[in-house]
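Enquirer: Numbering-wise (our numbering), the sequence shown opens with residue 3 and increments by one.
All C-beta atoms, glycine included, are put in the ideal place defined by N, C-alpha and C.
Since we're looking at a predicted model, the values are computed, not measured.
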Amino acid sequence: GSVGVNVGLIIERQCDLYVHLTPRTKQWDTCAPEAILREAGGRLTDLFGQPLSYNSPEVQNRNGVVATNGAAHDEIVRRLAPLLTQFGRLRVES
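1) Can you name, in chain order, every residue of its own chain whose Cβ lies under 6 angstroms from the Cβ of GLY43, other than the five neighbours on each side?
2) What is the rounded straight-line gap between the Cα of ARG125 and the Cα of GLY90?
3) Can you tell me the Cα-Cα spacing of VAL21 and GLU41, whole angstroms?
4) Taking Cβ to Cβ, would you say ALA69 is nearer than 8 angstroms to LEU39?
5) Measure the CB-CB distance between VAL5 and THR32 and report whether it falls below 8 angstroms.
6) So, helix, strand or coil for ALA99, using DSSP?
7) So, at 6 angstroms on beta carbons, what are the nonlocal neighbours of VAL61 in its own chain, with the 5 sequence-adjacent residues on each side left out?
8) Which residue marks the beginning of the alpha helix (DSSP H) containing LEU54, and which one marks its end?
9) For VAL94, which residues in the same chain have their Cβ closer than 7 angstroms to its Cβ, ignoring the five residues on either side in sequence?
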C-alpha cells in the first residue's frame, strides 16, 4: 500500500516526511512499514505524536499517521498541532 511505499522513500532518503491526515489507514498498512522504519532510525506515530496501537480491536489508525526519518519528528508533530486544531482535527481516544 501507499504507507509502505512512502516509508520506503524515507528509508531510501528520497524524502524525509510522510503525513496521512485521514483515518483511512489500518493496522495492517502500518505495522510492517513501522517496524522497518524504526530499524532504519525513523519514527512513525499518529498525528499527535502518540504511538500506534496494534493490540486493539479498532483496526483503523483513527488519528492519522506521521512517518519521518526521525531527525525532526517531535518538531514536525509540534508544528502540525496548531494546524490540526485550526481545522478541527481532534485526537480520537481508542
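Expert: Judging by the given coordinates:
1) Taking the sequence shown and counting its residues from 1, the one referred to as residue 43 is at position 41. For GLY43, where only same-chain residues beyond five positions count, the Cβ hits under 6 angstroms are GLY72.
2) Residue 125 lies beyond the range of the chain shown here (3 to 96); nothing can be said about it.
3) Position 19 of the sequence shown holds residue 21. Position 39 of the sequence shown holds residue 41. Their backbone Cα atoms lie some 19 angstroms apart in a straight line.
4) If you number the sequence shown from 1, residue 69 lands on position 67. If you number the sequence shown from 1, residue 39 lands on position 37. Yes; because the gap between Cβ atoms is below 8 angstroms, this pair is in contact.
5) Numbered from 1 along the sequence shown, position 3 holds the residue referred to as residue 5. Numbered from 1 along the sequence shown, position 30 holds the residue referred to as residue 32. With respect to THR32, VAL5 sits close: the two C-beta atoms are nearer than 8 angstroms.
6) An answer regarding residue 99 cannot be provided, because it is not within the stretch 3 to 96 covered by the chain.
7) To locate residue 61, count along the sequence shown from 1; it is residue 59. So the list reads LYS28 and GLN29, once near-sequence residues are dropped.
8) As a first step, residue 54 must be located in the sequence shown, where it is residue number 52. Neither: LEU54 is in no alpha helix (DSSP H) and is coded neither H nor E.
9) Reading the sequence shown from its first residue, position 92 is the one you call residue 94. In its chain, beyond the 5 residues on either side, ARG64 and ASN65 have a beta carbon closer than 7 angstroms to the beta carbon of VAL94.
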